[in-house]
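Here's the structure we're looking at; comments come further down.
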Amino acid sequence: MGLHETLNSDMKDALRAQESLRLMTIRQLRGAIKNKEIELGRSLVDDEILGVITTQVKQRREAAQMYHDNQRDELATKEEAELAVLQAYLPAQLDEAALRVLITEIISSVGADSPRDMGKVMGPVMAKTRGCADGKLVNQLVKELLGS
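In our numbering, the protein residues as written are 212 to 359.
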């Protein structure tokens, strides 16, 4: 079953179970997916839907951090709850050790040896870790492994 069908099914389940936060989050996600489909003029495949989910996760994470920084803990808690709902649709996240191994392999395969080669490394790493790793962590590890 594809992500479209999974989201529709989960939305119906949340509606039946009267889980308002989960229902609202899934509806917002489906709206973001629909907007992307309108923008592209076609239906999205699962990889593209994962990209939309990743964007939504990043937005929720940043909003929660902003609310925490401004002592708005009730709003931060809401964002974190929405974040948890969204993360259930992402593949399992890679830990730092697995990311280091993957980045090291890509660095050697593209022949990168200095911080100037960061662009050559980031493209393939982000393609392989789409939805499986936080971009900030990947960026930090690539910088560290390239010696900048």
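Positions of the beta carbon are idealized from the N, C-alpha and C atoms, including for glycine.
- Annotation for G330: the continuous alpha helix (DSSP H) segment containing it runs M329 to K339.
- Rounded to whole angstroms, the gap between the alpha carbons of A338 and L232 is 31 Å.
- Counting along the chain, L310 sits inside the alpha helix (DSSP H) bounded by residues E307 to V321.
- Counting of Cβ neighbours within 10 angstroms places V349 among the buried residues, the total reaching 16 or more.
- Residue range L214 to A228 is occupied by the alpha helix (DSSP H) that includes D221.
- Between the region 319 to 327 and the region 247 to 255, the count of Cβ pairs shorter than 8 Å is below three; the stretches do not touch.
- Non-local C-beta neighbours of A292 in its own chain, meaning closer than 6 Å and more than five positions away in sequence, comprise L232, ordered along the chain.
- When only Cα atoms are considered, V268 and N281 end up about 20 Å apart.
- Per the coordinates, the alpha-carbon of A274 lies some 14 Å from the alpha-carbon of L297.
- Looking at T315, D328, A299 and S220, the one whose alpha-carbon comes closest to that of G342 is A299.
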